[in-house]
Structure formats: C-alpha cells, structure tokens
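Scroll down for the structure; my scribbles are underneath it.
4 protein chains.
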Amino acid sequence: MPSPSEITNAMMQHDYFSQWLGIEVVSSGEGSAVLKMKIRHEMLNGFGIAHGGITYSLADSALAFASNSHGQKSVSVETSISHTQSLREGDEIVAIAREEHRSNKIAVYSVQVLCHDKVVALFKGTVYRTSGHWE
Amino acid sequence: MPSPSEITNAMMQHDYFSQWLGIEVVSSGEGSAVLKMKIRHEMLNGFGIAHGGITYSLADSALAFASNSHGQKSVSVETSISHTQSLREGDEIVAIAREEHRSNKIAVYSVQVLCHDKVVALFKGTVYRTSGHWE
Amino acid sequence: MPSPSEITNAMMQHDYFSQWLGIEVVSSGEGSAVLKMKIRHEMLNGFGIAHGGITYSLADSALAFASNSHGQKSVSVETSISHTQSLREGDEIVAIAREEHRSNKIAVYSVQVLCHDKVVALFKGTVYRTSGHWE
Amino acid sequence: MPSPSEITNAMMQHDYFSQWLGIEVVSSGEGSAVLKMKIRHEMLNGFGIAHGGITYSLADSALAFASNSHGQKSVSVETSISHTQSLREGDEIVAIAREEHRSNKIAVYSVQVLCHDKVVALFKGTVYRTSGHWE
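Chains as they are written, first to last, in this note's numbering: chain A, 1 to 135; chain B, 1001 to 1135; chain C, 2001 to 2135; chain D, 3001 to 3135.
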C-alpha cells in the first residue's frame, strides 16, 4: 500500500488547480497534511484582498490529501469555512489539516489556515470514504 | 445610490480572480445574482474533475454580488457548500444566489450551482453588513 | 415496503424527545416532511426567547423523517442552522424539509422553519444512507 | 463589569431549557465554557439513541456562555455540528467551548462534545457581538 506522501504526490501530479495556486506540500501523514502557498495579484477580489475561494481551495486540497492518506479513496460531502482575517498580495499562508474523527464510511477534518501564526480561516470538512483504494 | 448592476460591475472590475475564472454576470438585482462560467483544464484536481474550490469560488462571488447589491458593503462571515455532482472539463455551470434573510447587520443567502439544470453544489452564506456604502 | 407515513409513525413512536417537544406530523412524503410545534416556557433560554436547540431539534427531526422516508435507514453526518428571528413563548412554528439531492450513499436536505410565514431558521443537513431498511 | 462566572450564572438562572437538560457549569472563563449533562430517557429518538438536538443544545449553551463571557451581549448567527458517535441513556457528556477568533463584531467558537474522552460531536458557532452589555 502506498504511503501518505506517495498518495499526496500522485494526487498533486494531476491536480492542475492546486498547481496553479502554487501549493507546496510541507508534510503529509496518516490523516494529516500541511500545505503552503503565496497570495498573487490574480487571486484578489473586488475589495483588493484575497478572494474567499483562494483560502477555501487551499483548505479543500489539504482536506483531500489528509482524507486520502489512509489509502481509501475519499470524497468531500460537506465543507464549511469562516474567513476571519483579510489577506493581501504577497501574504504567505499555511493550511494544517487534522483528522477529528474517522469511521468506516465517514470522516471529519478541521483545517486551520494561518498567516504569520495568526488564524485567517477555519475550515471543517466531512468526507465519504468510498470502497476504492490508491494503488 | 448605485444600482445592483453598477455595484456588481464596480466589484468585477477589480475582481481579478473572478476574471481568471472566466465568470460572466448573467443578471444582478436587489439581493440576487446569476453568474456563469466554464470548467477549464487548469481547474481540475487529482481525480480529473473540477476542484471543489472552483464551484465554491463561483458561489462565493455570487454571494458577494448579491449581498452588496443593496449598496451596503457586506463581508462573508461563514459559508458552507455540499458538492453533489462531479464536473468535467468543458462543463458550463450557473450560480443562482437568493437572499433568504436580511436584517440590519446580518444577512443569509443560498446559492444553487447548476449544470444543465442539475444541482451540482448547494451553498449557504452568512454576511456581516458593515456601515460602509458603495458610491 | 412501508410508506413514508408508516416509517414516520414508527420513528415517532419511540422518539421520546420529539414527543417531549410536542412535535406533530403535518405530512410526510418521499423525501419530505412537514412538522409543527409550539414554544413552551421550559424551552426558553437566558434571553427569554426560544433556546437555539429547540428550532434545531425540530429541524433535525424533520431531516430524520424526510431522509428515512424512502425506506433506507439514514443517519445525519453534518447539519448547520442559521437562526434568523427570535421566538417567544406561545409561538407556533412549522418545519418544511425538502430533498435537495440524493445519491446512493449521501443525500442533502434543506429545512425551513417558519412562524406565521416568516423564516425563523434555515437548516441544511447531509445524511449517510446505510444498507439497513425499514420493514 | 461582571466576571465570566457571574454572567454565566445570570444567564443560567433564566435558561429554563438548559435547566431541563440538567446542564451543570463545570467552569467558565474569558471566551471559554465547560458544561456537562447526562442523557435521560426522554432525550432519546426513534433509533433508541440521543436525539441530535440534545448534543446540539448542550453545545449551543456552551457557545452562548463562552461568547457572552467578555461582557458584550452576543447572539448566534450560524452554527454547524457533526455527530460522530451515538449516545445511550445514562451516558455523561462534556462540552468544551473554545474561542477561535474574536473581532469587534464577529467571533467564532469551536465546541467539542466528549463522552469518556471520545469525541461524540464537533460544533462550530459564529456569533454577532451586539452593542449591549451585561451589567
């Protein structure tokens, strides 16, 4: 069975949107993932700050890597995010995904998005664990 | 006071991420917004389907336009999304934002994301209505 | 296979908390449920209005009845609620559950809670559809 | 200005539903609250386990006490909960509310509900901080 890093690498290789975001995998483990990226000009919204979809996307990639790390293919069924702090161009952000609960079919993860150790977004995601496996 | 379309246009003009997504404004009204876009290759994830952040971003832009349409600057405080159907490259999607509740300080919106009249994502967003106004 | 009403009746018979709440089933159908109840003194919180758990509980019962109505036993995996209006002792409220999406394993429902045709709470619930059936 | 415990006591005194639930305040601090209660027969649902509204209600009370602890009256605007484990009659549960973010007008809290140190529910709540104060 592949390791968490092997699964994350396999996913990242074809994850063109995470590549566009400039996501780098800092670490990946059983049920966890740490990612980072930098806010670029084309990620801003009409208020001159990062679009809410940018931090969501980083957190959602962290959810995908953390939840697939056990080898069982998992798909998101419900996610929520609170944006607590605005981000500017050039800001570097880190997402830390943690497994809060895992049963046979359902698992729940929290993802903290930080900028200079300050929480900028709080994300919670629930996945359905399919019968498919990473090989 | 500017009209809903004038506000949406002013927001879109500096919303570089919505521009990158290729979002087109179909219509905008008091408390509502209808947007559309097409899934491109660089929007796919490791499963070969649209990254969850893409539909979230479209819905979040619809929330921003609908909630700012009354002239009072509004910021998202909490959003959630259920992805109910996978999307492939070339799929065209439409987001329809509707105001479910509005009080002085808080308002709630639902956004349906459709592909060929099939629901592909269900989004709910709560905003805080600041004391600033669009001019 | 039992009908939606037969399933709802079977569930209500042992649902001691829904009984304590004074929930009455107005109607039940395939993927839907309409319930009503009245706010009593012992349901108030420290602000003299209905505790948030009361409207949540009514909506959660509506979710349970609507999602089990197809005969497949279903359990809640994630729910969210926005309380948009305060409720006082004596207020009568109605919950209307609607199926927004249903696949083999996952289904999503929205529940509107109304008081005199005004929305007092907006609820969204995702369920996991188990392999067990109502008989 | 009253202390966190004085505010919690003042709220509990008129919180008839928290009293019905048998909620006991274990501790209260600036932005935090720890509560406990026991599952009784009349709290069960049609599956013979605690109704989802019971754990939600405990978590929602913890949110109310934690968010009002700073002296500024705060009202819930959006809450979500994942039920991760079933509860039986006689089970004792503890809710631990933690402040994840607080700005002038909006604050976000997470609440873990535990039974024998096992997570049975994960709750997230966003409040609006009004201009009213506890005296």
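Positions of the beta carbon are idealized from the N, C-alpha and C atoms, including for glycine.
Remember, predicted model here, so these are calculated numbers, not experimental data.
For residue i, the three-state DSSP class (helix, strand or coil)
i         : result
Met11/A   : helix
Gly3052/D : helix
Leu2087/C : coil
His3041/D : helix
Ser1069/B : coil
Ser57/A   : helix
Ser1032/B : strand
Ser5/A    : helix
Residue i: contacting residues in chain F (beta-carbon distance under 7 Å)
i       : result
Ser80/A : No chain F appears in the structure shown, which is made up of the protein chains A, B, C and D.
Extent of the continuous beta strand (DSSP E) to which residue i belongs
i         : result
Gln3072/D : 3072 to 3083
Phe2047/C : Neither: Phe2047/C is in no beta strand (DSSP E) and is coded neither H nor E.
Ile1096/B : 1092 to 1102
Val1024/B : Note that residue 1024/B corresponds to Glu in the displayed sequence, not to Val. Taken as a continuous stretch (DSSP letters only), the beta strand (DSSP E) holding Glu1024/B covers 1024 to 1029.
Lys2118/C : 2118 to 2133
Run of the alpha helix (DSSP H) containing residue i, from where it starts to where it stops
i       : result
Phe17/A : 16 to 21
Expected contact under 8 Å - CB spacing of residue i and residue j to nearest Å
i         : j         : result
Thr1008/B : Val1026/B : Their Cβ separation, rounded to whole angstroms, is 11 Å, which puts Thr1008/B and Val1026/B out of contact at 8 Å.
Ser2082/C : Val1108/B : 5 Å
Gln2051/C : Leu2044/C : Reading off the sequence, residue 2051/C comes out as His, not Gln. Contact flag correct, Cβ pair sits at about 7 Å.
Thr79/A   : Ser1080/B : 7 Å
Met3001/D : Ile3093/D : That pair is no contact at about 32 Å.
Val111/A  : Leu87/A   : With a Cβ gap of about 15 Å, Val111/A and Leu87/A do not count as contacting.
Gly3048/D : His2014/C : 7 Å
Ala1062/B : Ala1097/B : 4 Å
Met3012/D : Ser3018/D : 6 Å
Thr2084/C : Leu2114/C : Not really, about 11 Å apart at Cβ, beyond 8 Å.
Ser1074/B : Asp1060/B : At roughly 12 Å, the Cβ-Cβ gap does not stay under 8 Å, so Ser1074/B and Asp1060/B are not in contact.
Buried versus exposed, by CB contacts within 10 Å (16 or more), residue i
i         : result
Lys2124/C : buried
Glu3100/D : buried
Asp1117/B : exposed
Gly46/A   : buried
Gln1072/B : buried
Thr3055/D : buried
Asn1068/B : buried
Gly2022/C : exposed
Thr2130/C : exposed
His1070/B : buried
Gly2053/C : buried
Ser3/A    : exposed
Ser3028/D : buried
Residue i CB to nearest heavy atom of the ligand GTP below 7 Å
i         : result
Val1113/B : For the structure depicted, the ligand GTP is absent and the ligand set is empty, with no information on it obtainable.
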